[in-house]
Amino acid sequence: MADAWVMGRPRAAPPARALLSSVGVARELSRLPYNQEQFAPSRAAQLLGGFYILLVLLILWQLSRIAYHRHSMLSFQCAFLVMCMGWAAVRALVLMQPLEPSFLAFTLEWMPATFEFASFALLVMFCSYLLERESWSTRRTIWTVCYVLAVLMMFASIVALSYVVPMYGLRDSIRVHLGITGVVFGSLAVVIGSCHRKMKRMLQNETLQPLFAVGMNRKRHHTVERMVVVTGILVFVCSTRALCDLSAVGLYRWGFMDESRSMISFHRRPVLVFTSLLLWEIVPVLILIALFWEIPKQQSSHEDMGRFEPQLPVTDDTTDTRQASSLLGSAPVVFGSSQRSCRDIRISFPSSLPQNQLYGSTSNVDHGHRFAPGPPKSYQPQSQALLMSQDESSVHGNLSELSKFYGKQQGS
Numbered sequence: 001m002a003d004a005w006v007m008g009r010p011r012a013a014p015p016a017r018a019l020l021s022s023v024g025v026a027r028e029l030s031r032l033p034y035n036q037e038q039f040a041p042s043r044a045a046q047l048l049g050g051f052y053i054l055l056v057l058l059i060l061w062q063l064s065r066i067a068y069h070r071h072s073m074l075s076f077q078c079a080f081l082v083m084c085m086g087w088a089a090v091r092a093l094v095l096m097q098p099l100e101p102s103f104l105a106f107t108l109e110w111m112p113a114t115f116e117f118a119s120f121a122l123l124v125m126f127c128s129y130l131l132e133r134e135s136w137s138t139r140r141t142i143w144t145v146c147y148v149l150a151v152l153m154m155f156a157s158i159v160a161l162s163y164v165v166p167m168y169g170l171r172d173s174i175r176v177h178l179g180i181t182g183v184v185f186g187s188l189a190v191v192i193g194s195c196h197r198k199m200k201r202m203l204q205n206e207t208l209q210p211l212f213a214v215g216m217n218r219k220r221h222h223t224v225e226r227m228v229v230v231t232g233i234l235v236f237v238c239s240t241r242a243l244c245d246l247s248a249v250g251l252y253r254w255g256f257m258d259e260s261r262s263m264i265s266f267h268r269r270p271v272l273v274f275t276s277l278l279l280w281e282i283v284p285v286l287i288l289i290a291l292f293w294e295i296p297k298q299q300s301s302h303e304d305m306g307r308f309e310p311q312l313p314v315t316d317d318t319t320d321t322r323q324a325s326s327l328l329g330s331a332p333v334v335f336g337s338s339q340r341s342c343r344d345i346r347i348s349f350p351s352s353l354p355q356n357q358l359y360g361s362t363s364n365v366d367h368g369h370r371f372a373p374g375p376p377k378s379y380q381p382q383s384q385a386l387l388m389s390q391d392e393s394s395v396h397g398n399l400s401e402l403s404k405f406y407g408k409q410q411g412s
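Following full-length UniProt numbering from start to finish, the sequence shown increments by one per residue and tops out at 412.
Structure below.
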């Protein structure tokens, strides 16, 4: 059955024999109803297309800032911005340029849903990075494989659905597409809501509040706070979109979004379609860009949206430094007794690290990589016997730095 909503009356489905060949598919695509006036962009579509173009330019500016300050282009933030730029560019092309019914036209009009799913799923992956930091090195491969498979399945379903439009009719194909997007975004709403609840509980944990005010944990705490805001917005966006798409499967005439006939939707319901696209796609991306707008001028061990290694404080009686990484796990660790204040917490210095990496010259190590601004008073320099037991080459390489360090200790 073809698009009865556009024509106002149903017509018989095409013969099955004619659709078995590629010639029959092209012939049926050419028979789909097309009116230049219906597919011509309206003023609302042109205005929204201009917003998408501005969003693309804003993302390009943010990516250029990240590249200018020599940050990694493989971080979570860069990947999210690139995917958002992809579906924003496709949206702008579809809204500004009229397309005739074809395989390419249906693929372009339905493809932004795949980019949006990939973008929001990447944020779920970043939330798991924040919540499971102590085991992320072992779970990163599993998360990456699942993420790639989910995106590829979404992409394959869109391409296959665009190809079989003339076989099963445009109306039924639209229903299948809305059903897929409804289930996908509904599942995303549940997963993002779970991440939002876990991060909110972590921020409200009283035992972790003193630790969040120390060193690099403060920046990590700010990142989690911003992600709580982002995930709360995404729960609303994904849940409302899933509800609208699933309701449109049974109530097709009253569906909020009709991505296959966006031009006709703008002509018939311009305010509704304009508002839905603005709230579901443009506003969440703008909020996330605004929250992570600041790009540090120098790359440090903490970098928003992905590349940071938090240095967590541990007490003197802690022998296993890996215990500090369980701060963000399911079972929080209380560092020291309850009578000790935050000022009493000191950082343990692994003996395997050379001293010039801790308090050496600022030309090799910037301030972001240091554990503390200076040596603690309780820290005792390594003995001469321990230095002689080290490898001869490493002692020779650190001789100049150690002499300066001992000179400062004797002078103080």
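Backbone N, C-alpha and C define an ideal beta-carbon position, used for all residues, glycine too.
Being a predicted model, the structure only gives us computed values, none of them experimental.
- In the three-state scheme derived from DSSP, where H, G and I count as helix and E and B as strand, F126 is classed as helix.
- For I289, the enclosing alpha helix (DSSP H) has its first and last residue at 283-291.
- Here E116 carries a helix assignment [DSSP, helix/strand/coil].
- In the DSSP assignment, W61 falls within the unbroken alpha helix (DSSP H) covering 43-68.
- Comparing C-alpha distances from V191 to each of M73, I180, L278, M125 shows the shortest one belongs to M125.
- Using a Cβ distance threshold of 8 Å, S162 and F103 count as a contacting pair.
- Residue F106 holds the alpha-carbon nearest to the alpha-carbon of V159 among F106, L278, E281.
- Boundaries for V164: no alpha helix (DSSP H) harbours it, and the DSSP string shows neither H nor E there.
- A242 and L288 have their C-alpha atoms some 21 Å from each other.
- 8 Å or more divides the Cβ of L246 from the Cβ of E225.
- Short of 7 Å from the beta carbon of M227, and not among the five residues preceding or following it, lie these beta carbons of its own chain, in chain order: C127, L130, M199.
- When only Cα atoms are considered, L149 and I142 end up about 11 Å apart.
- Here DSSP, grouped into helix, strand and coil, assigns H71 to coil.
- M73 is classed as exposed because its beta carbon has fewer than 16 other beta carbons within 10 Å across all chains shown.
- Taking every protein chain shown into account, the CB of P296 has fewer than 16 other CB atoms within 10 angstroms, so this residue is exposed.
- If the five residues before and after R65 are omitted, its C-beta is found closer than 6 Å to the C-beta atoms of I295, all from its own chain and listed in chain order.
- P101 carries a coil assignment under DSSP once its states are collapsed to helix, strand and coil.
- Where R201 is concerned, the enclosing alpha helix (DSSP H) starts and stops at 170-204.
- With 16 or more other Cβ atoms inside 10 Å of its own Cβ, A118 counts as buried.
- DSSP, reduced to helix, strand and coil, places M85 within a helical segment of the structure shown.
- The beta carbon of M85 sits closer than 6 Å to the beta carbons of V56, I59 from its chain, once the five residues preceding and following it are set aside; these are given in chain order.
- A Cβ-Cβ distance of about 6 Å is found for the pair F51 and I282, placing them in contact under the 8 Å criterion.
- Pairing M96 with Q62 gives a Cβ-Cβ distance that is not under 8 Å.
- Counting along the chain, P270 sits inside the alpha helix (DSSP H) bounded by residues 270-277.
- In this structure, the CA atom of M111 is about 18 Å from the CA atom of V237.
- Between G169 and V249, the C-beta spacing is not below 8 Å.
- Of the candidates C78, F120, F80, A89, A89 places its Cα closest to the Cα of G49.
- Nearest C-alpha to V94 among T231, E109, G193: E109.
- The distance from the Cβ of A79 to that of I53 is about 22 Å, inconsistent with a contact at the 8 Å cut-off.
- Beta-carbon to beta-carbon, T181 and A121 are separated by about 14 Å, too far to satisfy the 8 Å threshold.
- The straight-line gap separating the alpha-carbon atoms of S276 and C146 is approximately 30 Å.
- Between the alpha carbons of L286 and V165 lies a distance of about 34 Å.
- Comparing alpha carbon positions, the residue from M83, H177, S137, H222 closest to F115 is M83.
- A67 has its alpha-carbon roughly 34 Å from the corresponding atom of R197.
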